[in-house]
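A.B. asks: Sharing a structure with you now.
2 protein chains.
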Amino acid sequence: MPDLPLITALPTLDEHELPVVGGEVRERCDAARNRRRILAAAEALVASEGASCVSMDRIATAAGVGKGTLFRRFGDRAGLLRALLSDRESDFQEQLIRGAPPLGPGAPPVERLLAFGPAYLEELQGYAELLAAVEASLESGMRMRSAPYQFYRTHLTILLRAAAPSIDAEYHADVLLAPLSAEVVLHQRDGLGMDLQRLADGWCMQAACLVGA
Amino acid sequence: MPDLPLITALPTLDEHELPVVGGEVRERCDAARNRRRILAAAEALVASEGASCVSMDRIATAAGVGKGTLFRRFGDRAGLLRALLSDRESDFQEQLIRGAPPLGPGAPPVERLLAFGPAYLEELQGYAELLAAVEASLESGMRMRSAPYQFYRTHLTILLRAAAPSIDAEYHADVLLAPLSAEVVLHQRDGLGMDLQRLADGWCMQAACLVGA
DNA sequence: AGAGTAGGCGGACCGCAGTCCGTTTGTCAA
DNA sequence: TTGACAAACGGACTGCGGTCCGCCTACTCT
């Protein structure tokens, strides 16, 4: 896989619009302080009450900033929540690109493919509820246009092309990602009581059949 | 498949709470008139401006009723939008239960399974945008708890059990439904330019591999 | 150090989904 | 026909996500 940039969220206004001087982007120190405050307040509130119960107003109040500052910084509710898990998402993406086999490069494509689903599901256990809140506050179709989704989609497409050149890799990348959405996994886990092993086995079965392994 | 009731939406308050006299449910005639008015107004507005641009207030105004009446009748926005396509959903479910093979009973389970995806995708073409709006206005997890989803899930579970007893039918029913969600299909069709045939072929490939056909 | 300015700031404001409750109306029995 | 009641009605109200714009401040350039 080529050196795909690590992108976990749409660029914030900062990265996007600040004047660039000699390739260097500066952030005013009050802005940086407020961003830290906002993230800390959001993290605390989400941890104590659950992402879907916390409003933007309350985060702003808890952080001691105005509501406008939240939206300037993070764009919308989904952007703020996503920022709370961007470190974990980046780490996982890093593993896919530069980590050890079978997840990272070095192993045969089929093995990397079959390692992906279980690893993603494992990773998801820690923040599925938060990610579900992100997806819920995204308007229809935006989930699949988000940078993280595109990243995973590209990753799977490349592996599928290498593992089974005859199939429609682009289509099946979406198919393999669909049952990994936070909404589906949460429903299977909490609503139907399926355990992680069962989900991982099922996903691998699906992927293995597809590439003829 | 046993005589599963045709359920296309959560029961409205009418079917739910009205007093039942000798097995007969009565609806006051002003209530019936208002329901027709609301559905007609909603259908017209959705057709002319798209489901995601029409607010409940505007539907109420166009129908000449108060906003409270909309919510009393249909529960929430998702309920009202879903009511707009419940006829089409019912027809399709009817075909699955009592229609001609290969969709309906009579054909071998594998054939019925492989007929399901393409038929569902075909059906979806007409109201994907509306269904996406329904799903978007449902809070996280509710899509998979809705009666229509449960219906399709049961249908696929039964077919999978019959077609391939050794696999985890319950899990794979969810997997096969995941890429048929309106959000995914719309993105593939409109965002990526995949045509219906490609989606249908891909889905069949997936299902066929799974059951070893 | 001082002035000018780009960018940050915050809260008033908007339209939205959904709720609540006092008022109106259809229905049925006497 | 009429009276009583259950049910329907509707619009004011709440809290939400998101926007806007006038004020303020950290940085830069002299």
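Just so you know, the sequences run in chain order A and B. Using our numbering, you'd call the opening residue of the first sequence number 309 and step up by one each time. Using our numbering, you'd call the opening residue of the second sequence number 309 and step up by one each time. The beta-carbon is built from N, C-alpha and C at its ideal position, and this holds for glycine as well. Treat the numbers as computed from the prediction; the structure is a model and nothing was measured.
Would you kindly work out how many angstroms separate the C-alpha atoms of P410/B and H480/A, rounded to a whole number?
C.D. replies: P410/B and H480/A: Cα-Cα distance of roughly 25 angstroms.
A.B. asks: Under a CB-based cut-off of 7 angstroms, is L293/A close to chain B?
C.D. replies: Shown here, chain A extends from 309 to 521; a query on residue 293/A therefore has no answer.
A.B. asks: Given this structure, state the Cα-to-Cα distance separating G458/B from S454/A, to the nearest angstrom.
C.D. replies: Before going on, a small fix: residue 458/B reads as Gln here, not Gly. Distance between the alpha carbons of Q458/B and S454/A is about 28 angstroms.
A.B. asks: Output, in chain order, the set of chain B residues within a Cβ distance shorter than 7 angstroms of V483/A.
C.D. replies: Going along chain B in sequence order, the residues near V483/A (Cβ under 7 angstroms) are P487, G510, Q514.
A.B. asks: Is there a Cβ from chain A that is less than 7 angstroms from the Cβ of S454/B?
C.D. replies: With 7 angstroms as the cut-off, S454/B does not count as an interface residue toward chain A.
A.B. asks: Which partner residues of A472/A appear in the DSSP bridge assignment?
C.D. replies: According to DSSP, which records beta bridges pairwise, A472/A is partnered with nothing at all.
A.B. asks: Please decide whether V492/B counts as near chain A, where near means a Cβ-Cβ distance under 7 angstroms.
C.D. replies: Yes, V492/B counts as interfacial toward chain A.
A.B. asks: Tell me whether the beta-carbon of A515/B lies closer than 7 angstroms to the beta-carbon of L484/B.
C.D. replies: A contact, by the Cβ cut-off of 7 angstroms.
A.B. asks: Which same chain residues, not among the five before or five after V493/B, have their C-beta less than 8 angstroms away from its C-beta?
C.D. replies: Answer for V493/B: L429, L432, A436, P487, L507, listed in chain order.
A.B. asks: Should E323/A be labelled buried (16 or more other beta-carbon atoms within 10 Å of its own) or exposed?
C.D. replies: Confidence is the limiting factor: at E323/A the pLDDT is only 37, short of 50, which leaves the residue's position unreliable and the question unanswerable from this model.
A.B. asks: How should Q401/A be labelled, buried or exposed, when 16 other C-beta atoms within 10 angstroms of its C-beta is the threshold for buried?
C.D. replies: By the neighbour-count rule (16 or more Cβ atoms within 10 Å), Q401/A is buried.
A.B. asks: Restricting to Cα atoms, I'd like to know which of R420/A, S360/A, E447/A is closest to I405/A.
C.D. replies: Cα-wise, what sits closest to I405/A is R420/A.
A.B. asks: In terms of residue numbering, what span does the alpha helix (DSSP H) encompassing E522/B cover?
C.D. replies: Within the shown structure, residues of chain B are numbered from 309 to 521, placing residue 522/B beyond reach of any answer.
A.B. asks: Taking just the CA atoms, how far does R451/B sit from L446/A?
C.D. replies: Taking the straight line joining both Cα atoms gives about 15 angstroms.
A.B. asks: Given D395/A, which residues of its chain have a CB within under 6 angstroms of its CB, disregarding the five upstream and five downstream residues?
C.D. replies: Around D395/A: no qualifying Cβ.
A.B. asks: Which residue comes first and which comes last in the alpha helix (DSSP H) that contains Q505/A?
C.D. replies: 504 to 519 is the extent of the alpha helix (DSSP H) around Q505/A.
A.B. asks: How far does the alpha helix (DSSP H) with V442/B in it extend, from its first residue to its last?
C.D. replies: Unbroken alpha helix (DSSP H) run through V442/B: 436 to 445.
A.B. asks: Using a threshold of 7 angstroms, state whether the C-beta atoms of I367/A and A340/A are closer than that.
C.D. replies: No, these two residues do not count as a Cβ contact at 7 angstroms.
A.B. asks: Drop a sphere of 10 angstroms on the beta-carbon of L500/A, count the other beta-carbons inside from all chains shown, and report buried for 16 or more, exposed for fewer.
C.D. replies: When all chains shown are included, L500/A counts as exposed.
A.B. asks: Given that R506/A touches chain B, what residues does it touch there, using C-beta distances under 8 angstroms?
C.D. replies: Those within 8 angstroms of R506/A in chain B are D476, Y479.
A.B. asks: Listed in chain order, which residues of the segment 350 to 368 of chain B have Cβ atoms closer than 8 angstroms to some Cβ of chain A?
C.D. replies: Within the segment 350 to 368 of chain B, the qualifying residues are S360.
A.B. asks: Taking A440/A as the reference, which of L504/A, G520/A, L464/A, R385/A has the closest Cα?
C.D. replies: Per the Cα distances, R385/A.
A.B. asks: Counting only Cβ pairs nearer than 8 angstroms, list the residues of chain A close to E447/B.
C.D. replies: Under the 8 angstroms cutoff, chain A gives S360, A444.
A.B. asks: For the putative contact between C512/A and P417/A, defined by C-beta atoms under 8 angstroms, what is the C-beta separation to the nearest angstrom?
C.D. replies: Between P417/A and C512/A the Cβ distance is about 14 angstroms, and since that is not below 8 angstroms, they are no contact.
A.B. asks: Is A370/A closer than 7 angstroms to L438/A when the C-beta atoms are compared?
C.D. replies: No, Cβ-Cβ distance for L438/A and A370/A is not below 7 angstroms.
A.B. asks: Using a Cβ-Cβ cut-off of 7 angstroms, state whether H495/B counts as contacting chain A.
C.D. replies: Interface residue, yes.
A.B. asks: Closest to P473/B by CA distance: which of V519/B, A408/B, N342/B is it?
C.D. replies: Nearest C-alpha to P473/B: V519/B.
A.B. asks: Looking at C-alpha atoms only, which residue of I466/A, M502/A, P413/A, E478/A is the closest neighbour of H495/B?
C.D. replies: Of the listed residues, the one whose Cα sits closest to H495/B is E478/A.
A.B. asks: Is the CB of A595/B under 7 angstroms away from at least one CB in chain A?
C.D. replies: Past the edges of chain B, shown from 309 to 521, lies residue 595/B, and the structure says nothing about it.
A.B. asks: Does P413/A come out as helix, strand or coil in the three-state DSSP assignment?
C.D. replies: DSSP places P413/A in strand when its eight states are reduced to three.
A.B. asks: Spatial neighbours of F424/A within its chain, please: CB distance less than 6 angstroms, with the 5 preceding and 5 following residues excluded, ordered by chain position.
C.D. replies: So the list is empty, once near-sequence residues are dropped.
A.B. asks: Tell me which residue opens and which closes the alpha helix (DSSP H) that G374/B is part of.
C.D. replies: No alpha helix (DSSP H) holds G374/B; DSSP gives it neither H nor E.
A.B. asks: Counting along the chain, where does the alpha helix (DSSP H) carrying D538/A start and finish?
C.D. replies: The question about residue 538/A has no answer here: the residues shown for chain A are numbered 309 through 521.
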